[in-house]
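These protein sequence lines map, in sequence, to chains R and Z.
Under this note's numbering, the residue at position 43 of the first sequence is numbered 284, and the numbers go up by one with no gaps.
Under this note's numbering, the residue at position 70 of the second sequence is numbered 233, and the numbers go up by one with no gaps.
Positions of the beta carbon are idealized from the N, C-alpha and C atoms, including for glycine.
Structure, as structure tokens:
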Amino acid sequence: DVKVTQSSRYLVKRTGEKVFLECVQDMDHENMFWYRQDPGLGLRLIYFSYDVKMKEKGDIPEGYSVSREKKERFSLILESASTNQTSMYLCASLNTNGEKLFFGSGTQLSVL
Amino acid sequence: AQSVTQLGSHVSVSEGALVLLRCNYSSSVPPYLFWYVQYPNQGLQLLLKYTSAATLVKGINGFEAEFKKSETSFHLTKPSAHMSDAAEYFCAVSESGGNKLTFGTGTQLKVEL
């Protein structure tokens, strides 16, 4: 089975800190995604990447950036964390036939 | 532009009763439609998908969904609820396969004895 691993289950950071959320997949998938999940809002796409060093903005990219230096790893960066970025962050990768997303377990980020 | 509306943020059913979770979509092209499930403290898992083949789609754990173009709907059903079905369910639409999905706001399913 495909495994998508997010490095931290819970993170607590201070306002203004730079935050790195890491995601690794083990199935050589080309497309990877970062979503945030908030109660009542569902999942919203922040950024996605369709190849190494390639990225595209999703629906809510403001305040975030991403890095994809290796195919298996997709990092989400909060340059200067703010309280409104407190959320559950979910990473996903898309299988080869392009019809199934595999999700990590999520990182619950709290910004104080 | 694509969008999804899930009616009912919380649905409660008795064990053994019919489960019906509603999803309506908007898409400017023939859509790809998905249902994902999220169990507590886990990521999302694919339940089933519609990709322009049969309009009645069967998924895992006894769930199925019917694509109705005239109603722009893709409701999820299961004939008999089980306690293990308690989870949050998300409907999603894409105009480009599994890429760039737009998710609904989710429906929390509670199953009572």
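By the neighbour-count criterion, in which a residue is buried when 16 or more other Cβ atoms sit within 10 angstroms of its Cβ, R255(R) is exposed. For the region 203-218 of chain Z, residues whose beta-carbon sits nearer than 9 Å to a beta-carbon of chain R comprise N204, Q205, G206, L207, Q208, L209, K212 and T214. Within the region 209-263 of chain Z, the complete beta strand (DSSP E) segments at least 3 residues long are 219-221, 227-231, 236-241 and 250-257, listed from N- to C-terminus. Of the candidates S259(Z), E227(Z) and M246(Z), the residue whose Cα lies closest to the Cα of L183(Z) is E227(Z). Contacts with chain R at 9 Å (Cβ-Cβ) include F253(Z). Each residue's CA atom was taken as its position, placing K232(Z) and C186(Z) some 12 Å apart. Within the region 252-338 of chain R, the complete beta strand (DSSP E) runs of at least 3 residues fall at 260-262, 264-266, 272-279, 283-292, 295-298, 305-311, 314-319 and 328-335. When Cβ pairs closer than 8 Å are counted between the two stretches, the region 332-346 of chain R is seen not to touch the region 293-303 of chain R, the count staying below three. In this structure, S321(R) sits away from G299(R), with a CB-CB distance that is not shorter than 9 Å.
Our two residues, K312(R) and V192(Z), have alpha carbons roughly 31 Å apart in a direct line. Neighbours of F315(R) in chain Z, taken as residues whose beta carbon is under 8 Å from its own, are absent, since the nearest beta carbon is some 14 Å off. E275(Z) is bridged by DSSP to S177(Z). L284(R) is a Cβ neighbour of L207(Z), given a cutoff of 9 Å.
Closest in alpha carbon position to P242(Z), among G179(Z), S259(Z) and E275(Z), is G179(Z). Of all residues in the region 332-344 of chain R, only C332, A333, L335, N336, N338, G339, E340, K341, L342, F343 and F344 come within less than 9 Å of chain Z when Cβ atoms are compared, listed by chain position.
According to the DSSP assignment, L184(Z) belongs to the beta strand (DSSP E) that extends over V182 to L184.
Using a Cβ-Cβ cut-off of 8 Å, S346(R) is close to N204, Q205 and G206 of chain Z, given in chain order. Rounded to whole angstroms, the gap between the alpha carbons of F289(R) and V245(R) is 15 Å. For the pair V256(Z) and L196(Z), the Cα-to-Cα distance works out to about 5 Å. Here T265(Z) is buried, its C-beta having at least 16 other C-beta atoms within 10 Å.
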